[in-house]
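Colleague: Protein chains in written order, with this note's numbering: chain A, 13 to 336; chain B, -9 to 545.
Please find one structure pasted underneath; my questions will follow.
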Amino acid sequence: MVDSSLASVSDSAYTFSIVIYTLAVAAFAFEYAFGRTGRIARTSTAHRAALEGGISLATEVTTGVSRAERLGRAGLAATVLGAVLQIVSLALRAAATGRVPWGNMFEFACAVVLVVVLSWLWLVRSAPQLRHLGIFVLIPVVSILVYAGLELYAAAAPLVPALRSYWLVIHVISAVIASGMFLFSGLLAGLYLVRHRYDRSLVDDRPASRPVTALAPRLPTAAVLDSLSYRVVAFAFPIWTFAVMAGAIWAESAWGRFWGWDPKETWALIAWLVYAGYLHARATAGWKGTKAASVNLVGAFAMTFNFLIINLVVSGLHSYAGLT
Amino acid sequence: MALDQRLSTAPDPVETDRVQMGPRALARRWWRALTSMRTALVLLFLLALAAVPGSLLPQRSLSQGKVSAYYAAHPQLAPILDRLGAFAVFSSPWFAAIYLLLFVSLIGCIVPRTRMHLRVLRQPPPPAPSRLTRLPQSDTVESTLRPAAAADGIERALRRGRWRVARSTTGEVVELAAEKGYLREVGNLAFHAALVVLLAGVAIGKLVGYEGSILVEEGGGFCNSLQQYDTYRNGPLVQGGDLTPLCADLTRFSVDYEANLTPSKFLAQIRYTRQPGGPVTSYPLEVNSPLRVDGIRLYLTGHGFSPRFTIRYPDGSQFTDLSAPFLPQDATTLASTGALKLPDRPNADPGAPQLAIEGFFAPTAADLGDRRLVSVDPRPMNPAVAIVVYQGSIGLDSGAPQNVFQLDPQQIQRGALKRVDAANLLVGQSLTLPDGTTISFDGYKQWAALQVSHDPAQWSVLGAAVTALLGLMCSLGVRRRRVWVRLRPALQRTGDPGAGSVARPRTVIDVGGLARADSGRFGGEFEALVAGLPKTRRILEDTTRSGATFPAERT
Ligand code: HEM
Chain A
13 MVDSSLASVS
23 DSAYTFSIVI
33 YTLAVAAFAF
43 EYAFGRTGRI
53 ARTSTAHRAA
63 LEGGISLATE
73 VTTGVSRAER
83 LGRAGLAATV
93 LGAVLQIVSL
103 ALRAAATGRV
113 PWGNMFEFAC
123 AVVLVVVLSW
133 LWLVRSAPQL
143 RHLGIFVLIP
153 VVSILVYAGL
163 ELYAAAAPLV
173 PALRSYWLVI
183 HVISAVIASG
193 MFLFSGLLAG
203 LYLVRHRYDR
213 SLVDDRPASR
223 PVTALAPRLP
233 TAAVLDSLSY
243 RVVAFAFPIW
253 TFAVMAGAIW
263 AESAWGRFWG
273 WDPKETWALI
283 AWLVYAGYLH
293 ARATAGWKGT
303 KAASVNLVGA
313 FAMTFNFLII
323 NLVVSGLHSY
333 AGLT
Chain B
-9 MALDQRLSTA
1 PDPVETDRVQ
11 MGPRALARRW
21 WRALTSMRTA
31 LVLLFLLALA
41 AVPGSLLPQR
51 SLSQGKVSAY
61 YAAHPQLAPI
71 LDRLGAFAVF
81 SSPWFAAIYL
91 LLFVSLIGCI
101 VPRTRMHLRV
111 LRQPPPPAPS
121 RLTRLPQSDT
131 VESTLRPAAA
141 ADGIERALRR
151 GRWRVARSTT
161 GEVVELAAEK
171 GYLREVGNLA
181 FHAALVVLLA
191 GVAIGKLVGY
201 EGSILVEEGG
211 GFCNSLQQYD
221 TYRNGPLVQG
231 GDLTPLCADL
241 TRFSVDYEAN
251 LTPSKFLAQI
261 RYTRQPGGPV
271 TSYPLEVNSP
281 LRVDGIRLYL
291 TGHGFSPRFT
301 IRYPDGSQFT
311 DLSAPFLPQD
321 ATTLASTGAL
331 KLPDRPNADP
341 GAPQLAIEGF
351 FAPTAADLGD
361 RRLVSVDPRP
371 MNPAVAIVVY
381 QGSIGLDSGA
391 PQNVFQLDPQ
401 QIQRGALKRV
411 DAANLLVGQS
421 LTLPDGTTIS
431 FDGYKQWAAL
441 QVSHDPAQWS
451 VLGAAVTALL
461 GLMCSLGVRR
471 RRVWVRLRPA
481 LQRTGDPGAG
491 SVARPRTVID
501 VGGLARADSG
511 RFGGEFEALV
521 AGLPKTRRIL
531 EDTTRSGATF
541 PAERT
């Protein structure tokens, strides 16, 4: 039985999480636009002021900075609140349906987005100076949540018998975690490519395109972005491996074989091969850097394709979308 | 080779200089190219790419029907694709060629790497580079002990921290070389080797495994033999007589529904014996819980209804309790279609017209007022059939396989089968044909689709997969790192200024550390290690230092 009042509170929490994340986007946008410039201006003017023996300019800039700083902190707080709302939303769905809250595409997308946000919060905890990157994380987050609500929404409902298995818990939660982290790594790889292009344009002394010059100077160095996105993949890859294995074990008891080249299985393997390629690329001369980052993005594409196209367009045994 | 790269057994890049060479040298160069990282990388991507058409085009192994539909929709393109193996990608030669090359490359890669790693494990950690301060991590501390005594303590501490340590002494200078994290390489090699075992397991399973599916009505049963199955696939090494004996009967099939009529549970109650005449065991067969006996697995893969009929011929002869499985067309209402074919009839000469029925079954029929039959509920609460009756030649003698769920449309088109009557029947109602034959609808039975599978190698596949995962976790989670410690006597000075409060340092200790570039934060571990070196302290005044080096900036 589905408890519809809990389900509707869950839906409200989902809607509120979008509102709150959107506020966070606005706050981070402001911080990104003014904060770092301020910080850069501060350090350079302070530097100059110190050299010239004066301090008046520096204090003036500092007040401008602190407003951006305050907004950045507010954005971070809003992000935390949004994540809490998402957790509440998923937990209430679980309570309403008496099952794990990742039984259809809508719930899966929400859970994946939550993992992206949590990965980012975890990163900011250990590297607070990256806070202003929040905008690059939250814009995709809000887009995916809105898309999920519009296109994938499925009312809280019980599961069909094929999904009633403890393997659902194990297999899907590992797929959710790995997907969220892969996506997060893909975002970092994208930022790496922007930063790299900008750095090249400086070296070659040839202007980069407008968006690149606008965004890139405030990004962390290419080396930092590269290493971060690698470490996220290195963490997520064994989880994805486990998810595929758990899927195979489940398939053995549900469908009579552990591997049958069902389109979903096939794309899980494709994504796995691409990420294995990414890990190799990072250790292969001539493939490090931009090529490896592009492979990372291809991996994110394969994961997305597997989720959207394979579920919605190509039919297979994994018809759990919950859509009609 | 840079110091950094020697922390891994990864093969060196292949040089590409072109010089005249003999066939052996050429072969060796090809082998080296095949087993290089770059080739492995390209083959990985090729394999991923090759799998794409297999997921987007219909595949015979998944659905022959979809392949036929594709043929009908693209009559020009389909035969060309077919010749390329596009409808059986995963068993096509080119797909096999890619993964076989990949695995040859893999074996060619792990064998020398394993040998290299075994050698590394037997060797002491490499000696310290001459200038430790040039390393990514470095620091300098001092001790009031003499170098040899301080080294004793540090060596013990390192060994306690599970470092492998080699010690060398030159004059009064003592050097310790320590290394840790060999599990990374071991894990990596185990991972790659396990992939080979996994592939071998899959291949063996394909050779000696089989699976068969059969549709069984309530009250019916089957035995494990290839002839009995509706469809089966057997590996080339499977002989018909080898099949594990098992006979099973379906006693009852039931479905539970939620309030919104989505199914919550399918249950096929079966009774089975493991040898003819042996003891009978019952088992509640459910989705997600196959019966596993003697290495074979029995699955519940589908269900549906079989309407039951009685047919009385004008001469008084009759068939009672005839039933034919109908195939659900709609998962929410279980509206089903099917056919009943009666090639023979009691006491009739061979030339007499055969009877065939094509029908539509509704578990719960709704009365729409007109003569259209619709199903509104998957539960059999008001079963009804709509039948169309044909007489003539069904066409079974031609030997061509027929779809059991429908009459051969060609026989109908050709006029060999003629439509004689049609009716909608509720349970108990009957239809009388012009020739006096009556067809009564008696009700229904449920049927279950069962599948038997046998794959003796699947446990080795699972074992290999688990090993691969554990190896992968070591490979990605452990970092290989080296630490060198050089202890040398401090310069002796006269007229010590602070001699009263602080003991005079006797040893200056340089420490350097190196980890693989990718391995995240070695800096923190290195700092903690230096801070934890026994009987040492930060340098108090840099006049005690012998060299002009200043502690490197920490990164
Ligand atoms: C089925 C094919 C293969 C798969 C799925 C695969 C997968 C992987 C994965 C996931 C890693 C990451 C683990 C790590 O970075 O430590 C890795 C590392 C590695 N693989 Fe493979 N691999 C395959 C074939 C090969 C082949 C053919 C070679 C030989 C050239 C090779 C050489 C290596 C090396 C040297 C590393 C370690 C890289 C490093 O030190 O970071 N692999 N492989």
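Ideal Cβ placement from N, Cα and C applies to all residues, glycine included.
From B:A314, B:S26, B:G461 and B:D445, pick the residue whose C-alpha is nearest to that of F181 (chain B); which is it?
Modeller: Translated into positions along the second sequence, residue 181 (chain B) becomes position 191. Comparing Cα-Cα distances from F181 (chain B) to each of B:A314, B:S26, B:G461 and B:D445, the minimum goes to B:G461.
Colleague: Quick check: G115 (chain A) and L175 (chain A), are their CB atoms within less than 8 Å of each other?
Modeller: Start at 1 with the first residue of the first sequence, and residue 115 (chain A) comes out as number 103. Start at 1 with the first residue of the first sequence, and residue 175 (chain A) comes out as number 163. A contact, by the Cβ cut-off of 8 Å.
Colleague: In three-state DSSP terms, what is V112 (chain A)?
Modeller: As a position in the first sequence, residue 112 (chain A) is number 100, starting the count at 1. Three-state DSSP puts V112 (chain A) in coil, outside helix and strand.
Colleague: Of the residues that make up the region 209 to 222 of chain B, which ones have a beta carbon closer than 7 Å to any beta carbon in chain A?
Modeller: The region 209 to 222 of chain B vs chain A, Cβ under 7 Å: nothing.
Colleague: Measure how close the beta-carbons of M195 (chain B) and V451 (chain B) come, nearest whole angstrom, since I'm counting them as under 8 Å.
Modeller: Taking the first residue of the second sequence as 1, we reach residue 195 (chain B) at position 205. Taking the first residue of the second sequence as 1, we reach residue 451 (chain B) at position 461. The sequence given here places Gly at residue 195 (chain B); Met does not occur at that position. Confirmed, Cβ separation roughly 7 Å.
Colleague: Any heavy atom of the ligand HEM closer than 7 Å to the beta-carbon of P266 (chain B)?
Modeller: For the purposes of this step, residue 266 (chain B) is taken as residue 276 along the second sequence, with counting starting at 1. Incorrect: P266 (chain B) has no Cβ contact closer than 7 Å to the ligand HEM.
Colleague: So, is the C-beta of F319 (chain A) closer than 8 Å to a C-beta in chain B?
Modeller: Within the first sequence, numbered from 1, the residue matching residue 319 (chain A) stands at position 307. Not an interface residue.
Colleague: At the 8 Å Cβ level, is A78 (chain B) part of the contact set with chain A, yes or no?
Modeller: Residue numbering aside, residue 78 (chain B) sits at position 88 when the second sequence is read from its first letter. No, A78 (chain B) does not count as interfacial toward chain A.
Colleague: In whole angstroms, what separates the C-alpha of A156 (chain B) from that of E175 (chain B)?
Modeller: Against the second sequence, residue 156 (chain B) aligns to sequence position 166. Against the second sequence, residue 175 (chain B) aligns to sequence position 185. The alpha-carbon atoms of A156 (chain B) and E175 (chain B) are separated by roughly 20 Å.
Colleague: Would the beta-carbon of A0 (chain B) be found less than 7 Å away from any heavy atom of the ligand HEM?
Modeller: As a position in the second sequence, residue 0 (chain B) is number 10, starting the count at 1. Yes, since a heavy atom of the ligand HEM falls inside the 7 Å radius drawn around the Cβ of A0 (chain B).
Colleague: Going straight from the alpha carbon of A542 (chain B) to that of S128 (chain B), what length do you get?
Modeller: What you label residue 542 (chain B) is simply residue 552 of the second sequence in a count that begins at 1. What you label residue 128 (chain B) is simply residue 138 of the second sequence in a count that begins at 1. Caution applies to A542 (chain B), whose pLDDT of 37 falls short of 50 and renders its modelled position unreliable; the value that the coordinates give is listed next. Taking the straight line joining both Cα atoms gives about 6 Å.
Colleague: Do we get a CB-CB distance below 8 Å when we pair I182 (chain A) with the residues of chain B?
Modeller: Residue 182 (chain A) sits at position 170 when you count from the first residue of the first sequence. No, I182 (chain A) lies away from the interface with chain B (no Cβ there is under 8 Å from its Cβ).
Colleague: For R476 (chain B), count neighbouring Cβ atoms within 10 angstroms of its own Cβ and tell me buried if that reaches 16, exposed if not.
Modeller: In the second sequence, the residue the question calls residue 476 (chain B) occupies position 486. R476 (chain B) is buried by the Cβ-count criterion.
Colleague: Could you spell out the range, first to last residue, of the alpha helix (DSSP H) harbouring D500 (chain B)?
Modeller: Within the second sequence, the letter at position 510 stands for residue 500 (chain B). Per DSSP, D500 (chain B) belongs to no alpha helix (DSSP H); it is in the beta strand (DSSP E), T497 to A505.
Colleague: How is Q113 (chain B) classed by DSSP in three states: helix, strand or coil?
Modeller: On the second sequence, residue 113 (chain B) is found 123 positions in, with the first residue counted as 1. Correct three-state label for Q113 (chain B): coil.
Colleague: Mind checking which residues open and close the beta strand (DSSP E) that includes T428 (chain B)?
Modeller: In the second sequence, counting from the first residue as 1, residue 428 (chain B) sits at position 438. Unbroken beta strand (DSSP E) run through T428 (chain B): T428 to H444.
Colleague: Check distances from the C-beta atoms of the region 73 to 101 of chain B to those of chain A and list, in chain order, the residues that come in under 9 Å.
Modeller: Listed by position, the residues of the region 73 to 101 of chain B near chain A (Cβ gap below 9 Å) are V79 and F80.
Colleague: Go through its chain and collect everything with a Cβ distance to P550 (chain B)'s Cβ below 8 Å, but skip five positions before and after it.
Modeller: Since the first residue shown for chain B is -9 and the last is 545, residue 550 (chain B) is missing from the structure and cannot be characterised.
Colleague: Please confirm whether L185 (chain B) and L96 (chain B) have their CB atoms less than 8 Å apart.
Modeller: One-based indexing of the second sequence puts residue 185 (chain B) at position 195. One-based indexing of the second sequence puts residue 96 (chain B) at position 106. Yes. Within cutoff.
Colleague: Exposed or buried, what is I322 (chain A) when buried is set at 16 or more other beta-carbons lying within 10 Å of its beta-carbon?
Modeller: Counted from its first residue, the first sequence places residue 322 (chain A) at position 310. So I322 (chain A) ends up on the buried side.
Colleague: Please find out if some non-hydrogen atom of the ligand HEM comes closer than 7 Å to the beta-carbon of T547 (chain B).
Modeller: Outside the modelled stretch of chain B, which goes from -9 to 545, sits residue 547 (chain B), for which no answer is possible.
Colleague: Checking 8 Å against the spacing of the C-beta atoms, do F194 (chain A) and V245 (chain A) come in under that value?
Modeller: Within the first sequence, the letter at position 182 stands for residue 194 (chain A). Within the first sequence, the letter at position 233 stands for residue 245 (chain A). In this structure, V245 (chain A) lies closer than 8 Å to F194 (chain A) by Cβ.
Colleague: So L67 (chain B) contacts chain A; which residues on that side make the cut at Cβ distance below 8 Å?
Modeller: The residue you call residue 67 (chain B) lines up with position 77 of the second sequence. Neighbours of L67 (chain B) on chain A: none; closest Cβ ~18 Å, over 8 Å.
Colleague: Assuming N224 (chain B) is part of the beta strand (DSSP E), what are its boundary residues?
Modeller: The count along the second sequence starts at 1 and reaches residue 224 (chain B) at position 234. First-last of the beta strand (DSSP E) with N224 (chain B): T221 to N224.
Colleague: Under 7 Å: does the beta carbon of C237 (chain B) sit that close to some heavy atom of the ligand GTP?
Modeller: Judged by which ligands are present, the ligand GTP is missing from the structure shown, whose ligands are the ligand HEM.
Colleague: Using beta carbons (cut-off 8 Å, strictly below), is A346 (chain B) in contact with chain A?
Modeller: Walking along the second sequence from the start, residue 346 (chain B) turns up at place 356. So no, A346 (chain B) is outside the interface.
Colleague: Once the 5 residues before and after T583 (chain B) are set aside, which same chain residues still bring their CB inside 7 Å of it?
Modeller: The shown model of chain B, from -9 to 545, leaves out residue 583 (chain B), and the question about it has no answer.
Colleague: Going by the C-beta, is H292 (chain A) closer than 7 Å to any heavy atom of the ligand HEM?
Modeller: Position 280 of the first sequence, counted from the first residue, corresponds to residue 292 (chain A). Yes, the Cβ of H292 (chain A) comes within 7 Å of a heavy atom of the ligand HEM.
Colleague: Once you ignore the five residues that flank P495 (chain B) on each side, which residues in its own chain have a CB closer than 7 Å to its CB?
Modeller: Reading the second sequence from its first residue, position 505 is the one you call residue 495 (chain B). Annotation for P495 (chain B): E132, S133, T134, A480 and T534 place their beta carbon closer than 7 Å to its own, counting only its chain and skipping 5 residues before and after.
Colleague: According to DSSP, which residues form a beta bridge with Q381 (chain B)?
Modeller: Translated into the one-based positions of the second sequence, residue 381 (chain B) becomes position 391. BP columns for Q381 (chain B) point to B:L345 and B:K408.
Colleague: Report the three-state DSSP secondary structure of P253 (chain B) (helix, strand or coil).
Modeller: Here the question's residue 253 (chain B) lines up with position 263 in the second sequence. In this structure, P253 (chain B) counts as strand in the three-state DSSP scheme.
Colleague: Rounding to the nearest angstrom, what Cα-Cα distance links G225 (chain B) and V187 (chain B) in this structure?
Modeller: Here residue 225 (chain B) is taken as the residue at index 235 of the second sequence, counted from 1. Here residue 187 (chain B) is taken as the residue at index 197 of the second sequence, counted from 1. For G225 (chain B) and V187 (chain B), the distance between alpha carbons rounds to 19 Å.
Colleague: In chain B, what lies closer than 7 Å to L285 (chain A) by C-beta?
Modeller: Taking the first sequence and counting its residues from 1, one reaches residue 285 (chain A) at position 273. In chain order: L34, L37 and A38.
Colleague: Classify H64 (chain B) as buried or exposed, calling it buried when 16 or more other Cβ atoms lie within 10 Å of its own Cβ.
Modeller: For the purposes of this step, residue 64 (chain B) is taken as residue 74 along the second sequence, with counting starting at 1. By the 10 Å Cβ count, H64 (chain B) comes out exposed.
Colleague: Where S45 (chain B) and L36 (chain B) are concerned, what is the direct C-alpha to C-alpha distance, given to the nearest angstrom?
Modeller: The residue given as residue 45 (chain B) occupies position 55 in the second sequence. The residue given as residue 36 (chain B) occupies position 46 in the second sequence. Near 15 Å, if we compare the C-alpha coordinates of L36 (chain B) and S45 (chain B).
Colleague: Is the beta carbon of L440 (chain B) less than 8 Å from the beta carbon of S203 (chain B)?
Modeller: Numbered from 1 along the second sequence, position 450 holds the residue referred to as residue 440 (chain B). Numbered from 1 along the second sequence, position 213 holds the residue referred to as residue 203 (chain B). In contact: L440 (chain B) and S203 (chain B) (Cβ atoms closer than 8 Å).
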